[in-house]
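One structure below.
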Amino acid sequence: VSLPGAEWSPLLASAKALREGQVRARAVAESSLARARRVDASLAAFISLREDALLAEADDIDRRRAAGETLGPLAGVPVVLKDNILTRGHPTTAASRILDGFVPPYDATVVARLRGADALILGKTNLDEFAMGSSTENSAFGPSKNPWDPQRVPGGSSGGSCVAVASGVTAAALGSDTGGSIRLPASYCGTVGLKPTYGRVSRYGLVAFGSSLDQIGPITRTVEDAALLLGVIAGYDAHDSTSSAEPVPDYLAAARTDPAGLRIGVPREWIAAEGMDPEVLAAVRAAIDAAAKLGMEIREVSLPHARYAIPTYYIVATAEASANLARYDGVRFGLRVPADDLQSQYRATRSRGFGAEVKRRIMLGTYVLSSGYYDAYYAQASRVRTLVRRDFTDAFRDVDLLLAPTAPSPAFRIGEKADDPLAMYLSDVFTTTMNLAGIPALSLPCGFSRGGLPIGCQIIGPDFAEGTIFRAARALEESFGLADRHPTLA
Amino acid sequence: VRIDAKEVLRIARLAHLDLAEEEIARLSAELSSILSHVEMLRSVDTQGVAETFHPLEYGGPMRADDTVASLGAAEATRGAPGGAAGAFLVPRIIG
Chain W
9 VSLPGAEWSP LLASAKALRE GQVRARAVAE SSLARARRVD ASLAAFISLR EDALLAEADD
69 IDRRRAAGET LGPLAGVPVV LKDNILTRGH PTTAASRILD GFVPPYDATV VARLRGADAL
129 ILGKTNLDEF AMGSSTENSA FGPSKNPWDP QRVPGGSSGG SCVAVASGVT AAALGSDTGG
189 SIRLPASYCG TVGLKPTYGR VSRYGLVAFG SSLDQIGPIT RTVEDAALLL GVIAGYDAHD
249 STSSAEPVPD YLAAARTDPA GLRIGVPREW IAAEGMDPEV LAAVRAAIDA AAKLGMEIRE
309 VSLPHARYAI PTYYIVATAE ASANLARYDG VRFGLRVPAD DLQSQYRATR SRGFGAEVKR
369 RIMLGTYVLS SGYYDAYYAQ ASRVRTLVRR DFTDAFRDVD LLLAPTAPSP AFRIGEKADD
429 PLAMYLSDVF TTTMNLAGIP ALSLPCGFSR GGLPIGCQII GPDFAEGTIF RAARALEESF
489 GLADRHPTLA
Chain E
6 VRIDAKEVLR IARLAHLDLA EEEIARLSAE LSSILSHVEM LRSVDTQGVA ETFHPLEYGG
66 PMRADDTVAS LGAAEATRGA PGGAAGAFLV PRIIG
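For the protein sequence lines, the chains are W and E, in the order given.
Per the numbering used here, the very first residue in the first sequence carries number 9; after that it's consecutive.
Per the numbering used here, the very first residue in the second sequence carries number 6; after that it's consecutive.
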């Protein structure tokens with residue numbers, strides 16, 4: 009039987025309790041499933057749950073433990089996955105009608121690694137269609153809702169994963185981040201969310217959106233849990249030619265290292281950004297003061313090209329998306345709208361299968377790559393991308409990490425930006441930059457607005473500095489003292 | 006930047022999309038607005054700056070060039086719409 013309050017138990021503690029036999033995997037799975045149904049009823053966090061399979065796998069963990077077998081580090085711990093991560097034998101939709109009926113014939117590498125650690129997959133979470141959005145409103149299955157205020161969006165595109173973790177369904181989730189899709193909902197929902205360095209985590213089995221930008225990363229309630237989960241999913245994979253051979257360090261040990269002496273840069277352009285909510289600014293300034301009190305050295309830095317990140321991102325990401333989404337043509341998987349000839353079948357299938365935002369991005373990407381426009385848009389954006397990355401290289405000569413806001417405001421109301429794509433894109437003004445540069449960034453809850461909405465700050469590092477990020481983040485998390493603050497469910 | 010209905014239809018043809026009348030009007034307005042925002046990139050001096058198509062400066066490691074088992078036709082085509090075992094079916098192309 010699980011104890012009262014077990015829904016808020018960190019991954020680290022649950023894994024230990026399960027490993028030592030203090031609690032049965034079956035009991036954890038049942039209570040997690042019950043909570044998933046309850047949260048789903050009010051906040052629409054899930055696209056599908058693995059009910060019978062989950063319980064059978066939990067029984068198997070209990071049986072293996074009773075037989076004295078050695079179990080993996082996450083044995084019996086339920087985990088949820090954004091529904092653009094392929095699960096063998098279980099539908100994966102990317103929240104799109106065009107993948108209707110698609111059952112993947114293989115597991116994503118991150119899923120294989122979770123299963124290898126004996127974690128249990130509880131279900132697949134809601135997202136903006138093909139991860140294209142900042143609110144989860146673009147899902148073909150309808151919007152998810154923010155657990156702190158169901159009138160508001162949870163952020164996106166990994167909204168369902170952040171809702172599940174913030175509302176105590178599981179301690180751990182995976183999301184994907186192409187322009188902020190882990191960090192933005194993490195900040196809106198009050199969870200920890202990390203976009204790792206490009207190449208740190210295999211993308212094999214992730215439904216591709218922007219292939220030079222996409223990364224899978226952990227969403228948890230604590231920094232240590234993010235460190236634990238990253239350690240499980242990171243590392244070289246022969247199935248992904250962009251995965252890195254960089255060794256995977258002990259992230260938990262790094263998280264537990266005193267951060268005193270770290271040099272923290274505060275980007276001048278992001279602390280004085282136009283349109284920034286004053287409560288977000290105050291919370292980020294308080295985080296900077298907290299870092300100083302912990303013995304970190306604060307310096308101002310400049311990212312002069314950061315202001316070009318949004319236009320650069322929306323050219324690069326849509327160009328890559330228009331190419332990646334060409335594969336959805338009704339021939340090999342998912343939806344088919346039959347027609348008399350092949351070209352008509354392609355068009356009929358794609359026109360019915362894709363939602364409005366996906367069509368908009370395919371159109372934009374097709375335009376910027378089309379003959380006569382390529383150099384003015386895509387090639388120029390790719391050159392500006394070099395300048396964006398160079399800004400970070402310069403900044404990291406003087407500092408170890410950067411501290412910045414995650415989003416310009418707390419969660420907005422459902423529908424508030426639905427009719428203005430450009431306003432929606434600007435929610436990602438502080439996050440897309442790191443995807444363009446390929447560097448890691450973590451969103452950490454750092455305060456609440458007067459209205460009770462979570463506010464997140466970002467800790468950003470150079471390539472493969474996830475350990476240093478965890479080191480600063482864990483100490484800051486402790487100093488903020490927000491760990492026991494949870495949303496009340498309807 | 007002005008993306009008119011004719012231009013929207015040119016892009017839609019390249020992208021294999023059929024658009025309804027109201028979609029054409031909406032996309033014309035939205036694409037014009039987004040591309041106007043993007044215009045600011047033209048003012049950035051990128052003389053002599055190389056393109057970044059990919060953030061991995063070090064390049065990825067190479068795997069061994071060995072033959073390994075893959076899905077196989079039956080498994081790969083199992084979920085294909087309107088499919089026959091081991092094949093993908095498409096409308097007749099040659100008359």
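Even glycine gets a Cβ: it sits at the ideal position worked out from N, Cα and C.
Check, Outcome
"In chain order, what residues of the segment 48 to 76 of chain E put their CB closer than 7 Å to some CB of chain W?", "V49, T51, V54, A55, E56, T57, F58, H59, P60, L61, G65, P66, R68, L76"
"Grouping DSSP H, G and I as helix and E and B as strand, with all else coil, what is W:K425?", "coil"
"Within 8 Å (strictly less), CB to CB, does E:V6 reach chain W?", "no"
"In chain E, what lies closer than 8 Å to W:F110 by C-beta?", "G84"
"In whole angstroms, what separates the C-alpha of W:W16 from that of W:G489?", "15 Å"
"Would the beta-carbon of W:T186 fall within 8 Å of that of W:V88?", "no"
"Mind checking who W:P86 pairs with in its DSSP beta bridge?", "W:L128"
"For the 8 Å Cβ check, are there 3 or more pairs between the segment 181 to 199 of chain W and the segment 429 to 438 of chain W?", "yes"
"Got a sec: is the Cβ-Cβ distance from E:A30 to anything in chain W below 8 Å?", "no"
"Tell me which same chain residues have a C-beta within less than 8 Å of the C-beta of W:G239, skipping the five on either side of it?", "V256, D258, Y259, L260"
"Only counting runs of 4 or more residues, tell me where the alpha helix (DSSP H) segments fall wholly within the segment 230 to 277 of chain W, in order along the chain.", "231 to 241, 259 to 263"
"Here's the rule: buried if 16 or more other CB atoms are within 10 angstroms of the residue's CB, otherwise exposed. What is W:M304?", "buried"
"Have a look at W:V292 and W:A481 and give me their C-alpha separation to the nearest angstrom.", "13 Å"
"Anything in the segment 190 to 209 of chain W with a Cβ closer than 7 Å to a Cβ of chain E? List those residues in chain order, please.", "Y206, G207"
"Do you know how far the Cα of E:G84 is from the Cα of W:G109?", "8 Å"
"By the 10 Å Cβ neighbour count, where 16 or more other Cβ atoms means buried, how is W:E308 classified, buried or exposed?", "exposed"
"Taking only beta carbons into account, state which residues of the segment 30 to 46 of chain E come closer than 7 Å to chain W, listed in chain order.", "L32, E35, L36, S38, I39, H42, V43, M45, L46"
"Please list, in chain order, all residues of the same chain as W:A449 whose beta carbon is under 8 Å from its beta carbon, the five residues on each side excluded.", "R191, L202, K203, T439, M442, Q466, I467, I468, G469, I477"
"Please work out which residues of its chain come closer than 7 Å, Cβ to Cβ, to W:Q159, disregarding the five sequence neighbours upstream and downstream, and give them in chain order.", "R421, I422"
"If you draw a straight line from the alpha carbon of W:V9 to that of W:L94, how long is it in whole angstroms?", "In this prediction, W:V9 has a pLDDT of 41, which is less than 50 and means its spatial position is unreliable; nothing more can be read from the coordinates."
"Tell me whether W:S10 sits in a helix, a strand or coil according to DSSP, three-state version.", "Annotation note: pLDDT 48 at W:S10 (below 50); position unreliable, coordinate value reported separately. Note: W:S10 maps to coil in three-state DSSP."
"DSSP state of W:D157, grouped into three classes?", "strand"
"Compute the Euclidean distance between the alpha carbons of E:L40 and E:L46, then round it to the nearest angstrom.", "10 Å"
"Going along the segment 90 to 104 of chain W in order, which residues come within less than 8 Å of chain E, judged by CB to CB distance?", "none"
"With a 10 Å radius around its C-beta and 16 neighbouring C-beta atoms as the bar for buried, classify W:V209 as buried or exposed.", "buried"
"With 8 Å as the threshold, decide whether the Cβ of W:D349 is near any Cβ in chain E.", "yes"
"Residues in its own chain within less than 6 Å of W:P81 by CB, not counting five upstream and five downstream?", "A125"
"What residues of chain W sit near E:A81, judged by a beta carbon separation below 7 Å?", "P113"
"Can you determine whether any heavy atom of the ligand FAD sits closer than 7 Å to the C-beta of W:R208, and answer yes or no?", "Looking at this structure, you won't find the ligand FAD or any other ligand, since it has none at all."
"Below 8 Å on C-beta distance, what does W:M140 contact in chain E?", "Within 8 Å Cβ-Cβ: nothing; W:M140 doesn't reach chain E, min ~13 Å."
"Is any beta-carbon of chain E found at less than 8 Å from that of W:V9?", "Low confidence applies here, because W:V9 scores a pLDDT of 41, under 50, leaving its location unreliable and the question unanswered by this model."
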